[in-house]
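Let me begin by presenting the structure, written as structure tokens, before commenting on it.
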């Protein structure tokens, strides 16, 4: 039996599952894994209704480097909104949006359809992406993280499926490459 010190997984998180290590009432992202090591944890959080790329590991140092805003690691999301996204939203996202309790760091918004956009943020505060869209007059109906740093979600992973990261993918994360 091969045992390595660190484990690295990519999960295509489904909506309805919480990003936590344990919960008495709701299914957690760790419940979806066959690996039952007690030291695994998600890298950052995705809201219960947000889908997409979630990394799960037991490498605390890597986790810190990927989440610390001073390291400027891009996280890209695909969003569908209830109303068309105003053209001036691109500039507002670039300037940072006052969300009341904080102003978001500059973010990149790419409008790809009337009610569809990609948004890249480097921080991940509570409901941040949804709150940024609310601030420009659109409600997010669907949100999915599609990249974390330079690592894209494996499109062959169905919602709820996961796989171990390849050596190359781990190396990409460790080098903390940024894809712009």
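Numbering (our numbering), first residue to last: 1 to 180.
C-beta: ideal position from N, C-alpha, C; glycine also.
In this text, all values refer to a predicted model and were calculated from it rather than measured experimentally.
- In this structure, 140 is the residue among 102, 123, 104 and 140 with its C-alpha nearest to the C-alpha of residue 116.
- Within the same chain, Cβ atoms closer than 6 Å to the Cβ of residue 94 are found at 106, the five residues on either side in sequence being excluded.
- For residue 84, same chain residues with a beta-carbon under 7 Å away, outside a window of 5 residues either side, are 114 and 115 in chain order.
- Only residues of its own chain outside the window of five on either side were considered, and among them 19, 29, 54 and 56 have a CB closer than 6 Å to the CB of residue 42, listed in chain order.
- When rounded, the separation of the alpha-carbon atoms in residue 10 and residue 148 is 10 Å.
- The DSSP-derived three-state label of residue 145 is strand.
- A direct Cα-Cα distance of roughly 28 Å separates residue 150 from residue 86.
- Runs of the beta strand (DSSP E) lying entirely within the region 114 to 176 and spanning at least 3 residues, in chain order: 116 to 121, 140 to 148 and 162 to 164.
- In the structure shown, the three-state DSSP call for residue 69 is helix.
- For residue 80, the uninterrupted beta strand (DSSP E) segment begins and ends at 75 to 81.
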